[in-house]
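J.: One structure, pasted below without further comment.
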Amino acid sequence: MNHPPRLAEWCFSKLFTEYPDYSVLGDLTEEFEHHAETRGLTFAHIWYWFQLFRCLPSWTDNSVYWGSKMFVENTRLAIRNLVRHKWFSLINILGISVGLSCSMIIILYVVNELSYDTYHPGYERIYRIGQHRSIPLGDFWWAETNGPVAGAIRENYPQVESVAHAFPYFQTWVRRENTCAYENHLWFTDSYLFDVFHIPFLSGDPDRALVSDHSMVLAESIAKKYFGDENPIGQTLEVHISWNRNEDRDEVYTVTGVVEDSPENTHFKYDIFLSSDALNPWLLDEWHAGNFYTYVKLAEGVDPVAFEEQISHIAYEYVGEELTRWGQNRTLFLQPLTDIHLKSDLQKDFQEGGSIVYLYVYSIIALLILLIGCLNFVNLTIVRSTTRTREVGLRKVIGAQRIQICLQFTGETILVLFLALAVAGILIVFLLPLFNEMAGTSLTVSQLNNPVILYSLGALIVLITILTSLYPVFILSSSKAVTALKGYIRQDFRGSFLLRLLVLGQFTASLLLILCAVVVFQQLHFMQESNLGFDSSRKLVITFRGQNNYLRDNYEMIKSEFAAIPGVESASWSSTVPGVRPMSFGISVPGEGHPFPEPGWSNPVLYDFLSIDYNYLETYGIPVIAGRSFEMEAENDEQNSFLINLSAMHRLGFETPSDAIGQVMRESYYGRTKCIIGVVDDFHYRGMQHSIEPMYLEYSRSRFRVLTLTIPSHDVNRILDDVESTWNALFPGSPHHHIFVDELLGREYSYEARAGRMLGILASAALVISCLGLFGLASFFAERKHHEIGVRKVLGANLFSIISLLSRQFAVLVLISGITASPIAWYTMRLWLENFAYRIELNPVVFVTGSLVVFVIALFTVVVRSLRAAATNPVEILRNE
Amino acid sequence: MKLLSRSEEMLLLAVWRLQDNAYGVTIRQTVKKMTGQEWSFGALHITLDRLVQKRLLDTHLSRPTQKRGGRSKRMYRLKPEAFEALKQVHEVQKAMWSGIGDLQLNNVK
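As you go down the protein sequences, you meet chains X and D in turn.
Here the first sequence stands for residues 1 to 881, numbered as in this note's numbering.
Here the second sequence stands for residues 882 to 990, numbered as in this note's numbering.
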């Protein structure tokens, strides 16, 4: 007897699964045999296979029809399930969508930070050239280089595709007729810059734009501000420029191009480009001065390490003799463009970058929150599905196959996930503006449309679906219909190791965040509240920029004008104010060092520098420990006197302040020798991250730049108006700029304050999600133990014993999470605190209290739910038996 | 009641014709003999199933024999409702065709 082809027969048996009696296969075999007898075996085989292919269209048609029918049914079932357990569904959806939206926003932030400067074509070949200077004063790594570097590289190294430099001239005022304003980012540069960076021109020719004398290129918004709808090309603007203390002037520049506004995600922000021919010619040729930022774009395939090696000693080819004579070692190095924003710690950098460490921290937090949200979801979904054993049993009896049950549960999970996604989307839309305000960013929802984010979101959904479906798929669907119908599946919480682990993980993560947030807030509070060594309240600071001509001769008059405003208590000149980084210069003392620069003096060491007038110390309430402050009458104080702070006294090696009085020091930059007339107490002129450095103070009028006014706490607005009108009377037409010292000091902590706020909000979100999950679990178990509670009450159990029955196991878990989270938080926070020169001591009490508070909140959540269960009348429960 | 589709009508008539010998193979043969169309097994069985589901056909399994690889036949028989349905289709067809004579139909060519 001939047998039909077995493979085809197997296919048929899979196609016609509705016929377990194989009658169709019988029909086929009968016809096959008939054909084999009449027309030969080969024909019969071909015929059989042909029949199989003929069946495929109608089979596909059919399976799609029934598939969609089942899909509709399952969707309806899922929605019914959601609605019937609406509180449960709400908790479930809310938990994961809060987690999702928080983490998505942070991921947006992180992705945005990482995207800095990556929009330039070939950005991975662009480098900034920095220099390492090793001089007797110490080692310095600078972001800036000198004028001739760019030209020298352009001429000598063909492996460079393009090289450009730019000279920052930030914050000066620009004028056209009646429009006059401070502009932030002005750069003296040349057209080479547009070869290195991607700066699209809206009008004008990139190659010719900055070639002609005193030409300028404007960003679009700047052009709009000064010219409105007019065509700016060919028109002129006045830019206020001052090159040294003795002269300043308004220079006229002709607009030759308009470029797109600088994007947010670049370290090189620009408003106006000015042609570099307007710079002093010596700046461009001087190897020893000039703060140019030089960028180089290497040709493709050039090894940056080898190139760095080649250019590192380029200065020696031009001024090698001088460098050797001065004992100076100067090497150039390359800094990748994408490192500048997040990883640069170079000195003399014009930009304040972010910190890659904080970015890592934020990413970890985002992951933690996401983890908590997802664990919650997985937990609750699994727990929910265990209550559905009867449903599964019934389905099995009716004839559901295992795969169908799996599909049903998976489908429900996916439905809930998509609902959660929708809710998360809405949350993001509402939360993003708040986040932007808090973090000082300008993120938009459309930035979510990023392949990395979308793919990881997709992967996440798949992962959650798999995790949540594991339980129903493996346990529920494999159970025997009979046992499932009896509703017997082990559902004790104590028995489920996985569930316990999930709850533990959740609470450990949220407690970790909370403890860290508490420590960050403590440190912030410590920094903001601790005594700075001077009085920072009610100090209004007026900044002078570019009024040098006038200042030089009139500082005494200006001071008295402002001091004359009714209510102003005092006015005082200085070079900077607290909250701003001071300059520093080298100081030598009598002795023998390397015979440079001056025999008879020791090697210079860097000291911070402040120039103050005679009543500055009085204004700020900084005490003089020994000697005296500068005096108005003492004419030669400006020529002959230094003050030093306590740290400087220690560094100079004096035992007591009075020892220091009368000693001489030499300031090496200008080569001036002066006598110490007094020692002042240490005060925190920077944030508490920075330790107080040795500092010397001078009475040097030429360095006065800011005027501090002490004003009364009432009437502030009137005084601000008066200050403005006084300013306008003195400097008609130039915009004025004032700020409070407290504000400046607050800026020192802005990064930490932001981190603290973010951490606080995220920690609360984590706690809320975890508690939602706990509430869900508690209500589930209260329901499960319905009968047990009823019976116990009938037998005389009191309220307390029932509550403890329900909450004991959760309470233990939360306590354990306190024990696991505390050491991690302790270790992390100790690392973080090392960033601060002045910091709090970690206090175990904080950790214990924090854990206890979380414990109480968690317990409260569970007890609230248990109370309801314990308070029900046992008759209500047991009546249904 | 909805009218039968053309294919349902054909299968019902084939089962009627075959009386007690209506099962997959014979139904397929009959349809081929009458119409020249050879139905695929899939199409045939799906339509038969639908008729069973609509309670127009009764079905039972025959005793397995040595032939056909030892598999039993799934036999079909019309239920009273099927006659009703067929009658209805026939009525409709007659009504639709009335007045259109053979002559006119032939003239179409």
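From the three backbone atoms N, C-alpha and C, an ideal C-beta is built for every residue, glycine too.
Model, not experiment: these values are computed from the prediction.
Grab the span of the alpha helix (DSSP H) containing Thr849/X for me, first residue to last.
T.: As a position in the first sequence, residue 849/X is number 849, starting the count at 1. It spans Pro844 to Ala871 - the alpha helix (DSSP H) in which Thr849/X sits, taken as one unbroken run.
J.: Starting from Tyr957/D, find everything on chain X with Cβ-Cβ shorter than 7 Å and list it in chain order.
T.: As a first step, residue 957/D is located in the second sequence; it is residue number 76 there, counting from the start. Per Cβ cutoff of 7 Å: no residues; Tyr957/D is ~11 Å from chain X at best.
J.: Find the residues of chain D that neighbour Trp59/X, judging by a C-beta separation of less than 7 Å, and give them in chain order.
T.: If you number the first sequence from 1, residue 59/X lands on position 59. Chain D residues near Trp59/X: Gly923.
J.: Alpha carbons only, please: which of Tyr471/X, Gln663/X, Gln639/X and Ser574/X is nearest the one belonging to Phe704/X?
T.: Within the first sequence, numbered from 1, the residue matching residue 704/X stands at position 704. Checking every option, the nearest Cα to that of Phe704/X belongs to Ser574/X.
J.: Does Phe493/X have its Cβ less than 8 Å from a Cβ in chain D?
T.: Along the first sequence, one-based indexing puts residue 493/X at 493. For Phe493/X, the predicted model reports a pLDDT of 47, less than 50, meaning its position is unreliable; a value from the coordinates is still stated below. It does not: the Cβ of Phe493/X has no partner Cβ on chain D nearer than 8 Å.
J.: State the beta-bridge partners of Pro158/X as determined by DSSP.
T.: Here residue 158/X corresponds to residue number 158 of the first sequence, with the count starting at 1. The partner list for Pro158/X (beta bridge, DSSP) is empty, contrary to what the question assumes.
J.: Is there at least one Cβ from chain X nearer than 8 Å to Leu942/D's Cβ?
T.: Indexing the second sequence from 1 puts residue 942/D at position 61. At least one chain X Cβ lies under 8 Å of Leu942/D.
J.: In whole angstroms, what is the alpha-carbon distance linking Gln900/D and Phe50/X?
T.: The residue labelled residue 900/D in the question sits at position 19 within the second sequence. The residue labelled residue 50/X in the question sits at position 50 within the first sequence. One C-alpha to the other measures close to 29 Å.
J.: Would Leu100/X pass as a contact of Ser89/X if the rule is Cβ separation under 8 Å?
T.: Working through the first sequence from its first residue, we reach residue 100/X at position 100. Working through the first sequence from its first residue, we reach residue 89/X at position 89. Cβ atoms of Leu100/X and Ser89/X: not closer than 8 Å.
J.: Just to check my reading of the structure: Thr236/X and Leu210/X have Cβ atoms closer than 8 Å, yes? What is that Cβ distance to the nearest angstrom?
T.: Position 236 of the first sequence, counting from 1, holds the residue named residue 236/X. Position 210 of the first sequence, counting from 1, holds the residue named residue 210/X. Actually they are not in contact, since the Cβ atoms of Thr236/X and Leu210/X sit about 15 Å apart, beyond 8 Å.
J.: Which of the three DSSP states, helix, strand or coil, is assigned to Val211/X?
T.: The residue given as residue 211/X occupies position 211 in the first sequence. Coil.
J.: Quick check on DSSP: helix, strand or coil for Pro623/X?
T.: Along the first sequence, one-based indexing puts residue 623/X at 623. It is coil, neither helix nor strand.
J.: Considering only DSSP beta bridges, list what Asn645/X is partnered with.
T.: Here residue 645/X corresponds to residue number 645 of the first sequence, with the count starting at 1. Beta-bridge pairing links Asn645/X to Val680/X.
J.: State whether the region 167-187 of chain X contacts the region 225-239 of chain X, with contact taken as three or more CB pairs (one from each stretch) at a distance under 8 Å.
T.: Segments in contact, yes.
J.: Sort Phe964/D, Gln918/D, Gly917/D and Gly950/D by Cα distance to Leu938/D and report the nearest one.
T.: On the second sequence, position 57 is the one that residue 938/D refers to. The residue with the shortest Cα to Cα distance from Leu938/D is Phe964/D.
J.: What residues from chain X crowd round Arg952/D, counting only those whose CB sits closer than 7 Å?
T.: Sequence index remark: in the second sequence, residue 952/D carries index 71 (1-based). Under the 7 Å cutoff, chain X gives Tyr22, Ser23, Leu25, Gly26 and Thr29.
J.: Quick one: grab the DSSP three-state call for Asp271/X.
T.: Residue mapping note: residue 271/X aligns to position 271 of the first sequence, counting from 1. Coil, per DSSP.
J.: Around the C-beta of Gln974/D, are 16 or more other C-beta atoms found within 10 angstroms, so that it is buried, or is it exposed?
T.: On the second sequence, residue 974/D is found 93 positions in, with the first residue counted as 1. With fewer than 16 other Cβ atoms within 10 Å, it is exposed.
J.: Just checking: is the beta-carbon of Cys11/X within a distance shorter than 8 Å of some beta-carbon in chain D?
T.: Within the first sequence, residue 11/X is the residue found at index 11, counting from 1. No, because no Cβ of chain D sits closer than 8 Å to the Cβ of Cys11/X.
J.: Specify, as a first and last residue, the run of the alpha helix (DSSP H) that Pro318/X falls within.
T.: What you label residue 318/X is simply residue 318 of the first sequence in a count that begins at 1. Reading the sequence as shown, one finds Tyr at residue 318/X and not Pro. Run containing Tyr318/X: Tyr316 to Arg325, per the alpha helix (DSSP H) assignment.
J.: Gln528/X lies in the alpha helix (DSSP H); which residues open and close that run?
T.: Numbered from its first residue, the first sequence carries residue 528/X at position 528. Unbroken alpha helix (DSSP H) run through Gln528/X: Phe497 to Glu529.
J.: Quick check: the Cα distance between Asp207/X and Leu193/X, rounded to an integer number of angstroms?
T.: Residue mapping note: residue 207/X aligns to position 207 of the first sequence, counting from 1. Residue mapping note: residue 193/X aligns to position 193 of the first sequence, counting from 1. Cα to Cα, the separation comes out at about 10 Å.
J.: Does DSSP classify Gly95/X as helix, strand or coil?
T.: Stepping through the first sequence from its first residue, residue 95/X is reached at position 95. Looking at Gly95/X - three-state DSSP - the assignment turns out to be helix.
J.: With a cut-off of 8 Å, do at least 3 Cβ pairs link the region 367-381 of chain X to the region 142-152 of chain X?
T.: As far as the Cβ criterion goes, the region 367-381 of chain X does not touch the region 142-152 of chain X, which means the pair count is below three.
J.: So, helix, strand or coil for Lys886/X, using DSSP?
T.: Nothing can be reported for residue 886/X, as the shown portion of chain X is limited to 1 through 881.
J.: What does Val906/D reach in chain X if we use C-beta pairs closer than 7 Å?
T.: Locating residue 906/D in the second sequence gives position 25, counting from the first residue. Chain X residues near Val906/D: Asp27, Glu30 and Glu31.
J.: Do you know whose CA, among Ser641/X, Pro158/X and Val856/X, lies nearest Gly301/X's CA?
T.: Taking the first sequence and counting its residues from 1, one reaches residue 301/X at position 301. That would be Pro158/X, whose Cα lies nearest to the Cα of Gly301/X.
J.: Hey, how far is the Cα of Arg718/X from the Cα of Asp613/X?
T.: Here residue 718/X refers to the residue found at position 718 when the first sequence is read from its first residue. Here residue 613/X refers to the residue found at position 613 when the first sequence is read from its first residue. Between Arg718/X and Asp613/X, the C-alpha separation is close to 27 Å.
J.: Nearest chain X C-beta to Ile927/D closer than 8 Å, yes or no?
T.: Position 46 of the second sequence holds residue 927/D. So, interface residue.
J.: According to the neighbour-count rule (16 or more other Cβ atoms, all chains shown, within 10 Å of its Cβ), is Val163/X buried or exposed?
T.: In the first sequence, the residue the question calls residue 163/X occupies position 163. Buried.
J.: Quick one: using the 10 Å Cβ neighbour count with 16 as the cut-off for buried, is Gln522/X buried or exposed?
T.: For the purposes of this step, residue 522/X is identified with residue 522 of the first sequence, where counting begins at 1. So Gln522/X ends up on the buried side.
J.: Assign Arg39/X to buried or exposed, taking buried as 16 or more other Cβ atoms, counted over all protein chains shown, within 10 Å of its Cβ.
T.: As a position in the first sequence, residue 39/X is number 39, starting the count at 1. The residue is exposed, with fewer than 16 neighbouring Cβ atoms inside 10 Å.
J.: Three-state secondary structure (DSSP) at Ser103/X?
T.: Counted from its first residue, the first sequence places residue 103/X at position 103. Correct three-state label for Ser103/X: helix.
J.: Measure the CB-CB distance between Val258/X and Leu202/X and report whether it falls below 8 Å.
T.: Taking the first sequence and counting its residues from 1, one reaches residue 258/X at position 258. Taking the first sequence and counting its residues from 1, one reaches residue 202/X at position 202. Taking 8 Å as the Cβ cut-off, Val258/X and Leu202/X qualify as a contacting pair.
J.: May I have the straight-line CA-CA distance separating Val896/D from Arg958/D, to the nearest angstrom?
T.: Indexing the second sequence from 1 puts residue 896/D at position 15. Indexing the second sequence from 1 puts residue 958/D at position 77. Approximately 7 Å between the Cα atoms of the pair.
J.: Counting only C-beta atoms, is Leu948/D closer than 8 Å to chain X at any point?
T.: Working through the second sequence from its first residue, we reach residue 948/D at position 67. Before going further, note that residue 948/D is Lys rather than Leu in the sequence given. Interface residue, yes.
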